[in-house]
Structures are given as structure tokens and as C-alpha cells.
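Report on the structure given below.
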Amino acid sequence: MSVEHGPGQPEGAEVGALHHVPVGAAEDAAGGGRPGGGRGDPLRGAGPLPLRLPPVQAGRPRGPSPAPALLEVSRVVPLYSLVQDNVTKEAFKSATMSSYWCAGKGDVIDNWCRCDLTAFGKDGLPNCSPLRQPVLRLAPHLEPSSTMVALEWVDVEPIIGYKVSDYIIQHKRVEDQSEAEIYTGEAPPPRGGGGGGGGGGRVVLALWV
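The numbers in our numbering rise by one with no breaks, and the one at position 180 of the sequence shown is 180.
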């Protein structure tokens, strides 16, 4: 596709944007002899047409327009909100939440998953909503030594999806009774404020090795 420079545009200048225009407006901008030719697309946000459409050659099928169309997104909504029928809307909403939060093996009730009978493992525990694996990191306020290392992770229960009833938050193996007691539990909140919803806090795990 050849690029022709419009009036007032120096040769070698780069084209900064492509605008989607109707066929009639493109012909006017290319100098079709109609009043107002070259004034560009009257659609919202469109300026002077920077590119001219190449002529259609006989014997070749006309392909798609090379100029992209810009779609303006006014708001973000869940797909089920676009359904008008209330019964279908509720069924769609329930299936979407079950797929997202409960791996499609249960229903979302308040802020926890009610698992189906097929979602229980060999140990009898439900597995329709697996727990997030914590990311351990060294505690910055407790320096590791040759006999002790302190790890921490952020324990945050999400707003919906599953509930955590118990956590083992500490494990100690003490070989030297003269070792000073290390604080375990909630540490000061991170800088910049903090929590992303749900309960929990920063948990410290102290290990003697």
C-alpha cells in the first residue's frame, strides 16, 4: 500500500494515526470533487485523513479495509448483566461465579463455596476451591543467624471464594534453651496502608535449625 503525503505534510513525515472513515468520506478526502472534500471524518475524534485508500484493481477480490476501527468502551460490566431475562440472568451469574471461585464444582454462598459431592477428595476434605499457596520471604525485621531464620508471608482471605478456618502460623524447634524468644504473630502493617480486603495479616514463622 502506497502512502501519499497530503497538503502541508513534508515528505518523509511519519503517519501518527489511522482513522476509520466511511467510503464516501474517504472519496471526498481523496479529492472526489464533492463539497467539503479533504475535511476528514465527521465522526467523533477523527481529524484530517492521513492515508488515502489505494485504487481497487480489476480482477482482484477486494480485501478488508486496511484502516482499523476504534471501538470506544464506555464501561466494564459482567457478561451476565447484559442478559435481560431475570431467570436466565441469575442462572448465568451462578454458573459464572461457580466457575470462577469454586472451579465449577460448587455454588457460591455468601463468601464461601458449597462444594458438590464430586468435589471431595480421598481424605474426605472438599477440594472445589483450593487454597492459595503462600509466598514465603525473609522477615526484614529479624536478621537470620547460624541457628535461626525468620520467614513471613501475607495472609489475606479474599472477599469471596473460600473460607480459611485455621492456620498453623508457627513452628519452632528449639535446641538451645538460652536462645532468646522470638516474636511470632502479626507484624506491623506494610507501608502505604494496606489491606486488600478480607481478614488476616502478616504472619511470621520462626524456625530454629
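Cβ atoms here follow ideal geometry from the backbone N, Cα and C, with glycine treated the same way. This one's a predicted model, so the numbers in the text were calculated from it and none came from an experiment.
Check                                                                                                             : Outcome
Valine 77 classed as buried or exposed, judged by whether at least 16 other C-beta atoms fall within 10 angstroms : exposed
Beta-carbon proximity list for aspartate 116, same chain, < 7 Å, skipping 5 on both sides                         : Lys105, Gly106 and Cys128
Extent of the continuous beta strand (DSSP E) to which valine 83 belongs                                          : It is not in any beta strand (DSSP E) - valine 83 carries neither H nor E in the DSSP assignment.
Residue nearest to tryptophan 153 in terms of C-alpha spacing, selected from Ser146, Arg137 and Thr96             : Arg137
Backbone CA spacing between tryptophan 101 and alanine 91 [nearest angstrom]                                      : 15 Å
Through-space distance from proline 130 to lysine 122, alpha-carbon basis                                         : 15 Å
Inter-residue spacing [alpha-carbon to alpha-carbon] between valine 108 and phenylalanine 120                     : 16 Å
Assigned exposure category for serine 81 - 16 Cβ within 10 Å defines buried                                       : exposed
Exposure of serine 74, with buried meaning 16 or more beta-carbon neighbours within 10 Å                          : exposed
Inter-residue spacing [alpha-carbon to alpha-carbon] between tryptophan 112 and serine 145                        : 41 Å
With 16 other Cβ atoms within 10 Å as the buried cut-off, status of alanine 139                                   : buried
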